[in-house]
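Everything on this sheet refers to the single structure shown next.
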Amino acid sequence: MPEDAKAQALQQLRLARAYVPFQVYTTRFEPLEALRRGTIFPELYMPYRPRDWERGSSE
Amino acid sequence: MMPEQAQLLTQIMALEFTAVDLNLYLDTHPDDQRALMDYNSAAQELAMLKDQYQRRYGPLTNYGYAPSQYPWAWVNDPWPWEVSF
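Just so you know, the protein sequences line up as chains R and D, in that order. If you use this note's numbering, the first sequence corresponds to residues 1 to 59, in order. If you use this note's numbering, the second sequence corresponds to residues 101 to 185, in order.
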């Protein structure tokens with residue numbers, strides 16, 4: 001594709017849009033449990049799990 | 101078993117975290133009555149626990165946020181962040 005055609009194509013792209021569903025309050029963790037997990041909302045508790053190589057496993 | 105002071109301080113930190121998280125939720129959901137009720141009861145219980153802590157162990161903060169017994173108690177060890185768990 002010629003350079004000017006590329007530039008034109010890029011100009012027609014739309015900006016990205018983010019969508020966030022509206023949170024609904026249901027239940028919450030007990031205060032001590034929430035402090036440990038970093039959120040009071042069970043639906044927002046999404047911890048990153050260490051991968052094998054991060055654990056230093058040789059598998 | 102944790103010493104009583106550390107245990108009470110942990111309860112305060114936990115309840116304060118609950119209050120903050122409900123606070124953030126309410127910022128975007130100001131009409132949620134149940135969340136508001138939970139926030140208010142957390143805030144009330146938090147105030148009670150802080151009052152209890154400060155009577156027993158001295159002020160949690162300075163700059164006029166907490167009254168002090170005689171003599172001036174802010175200089176006493178341990179400061180809240182020095183309590184070991």
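Built from N, CA and C at the ideal position, the CB exists for glycine as well.
Taking one beta carbon from each stretch, the segment 149-163 of chain D and the segment 41-50 of chain R have fewer than 3 pairs nearer than 8 Å; the two do not touch. Check the Cα spacing between D:ASP132 and each of R:ARG55, R:GLN8, R:GLN23: the tightest is with R:GLN23.
Listed by position along chain R, the residues whose Cβ is nearer than 8 Å to that of D:PHE117 are PRO31, ALA34, LEU35, ILE40. A residue is called buried when at least 16 other Cβ atoms come within 10 angstroms of its Cβ; D:PHE117 meets this threshold and is buried. Judged by pairs of C-beta atoms under 8 Å, the segment 139-152 of chain D touches the segment 109-127 of chain D, as three or more such pairs exist. In this structure, DSSP gives D:PHE185 a state outside helix and strand, which the three-state scheme calls coil. For R:TYR45, no chain D residue has a Cβ inside 8 Å of its Cβ, as the nearest lies near 12 Å away.
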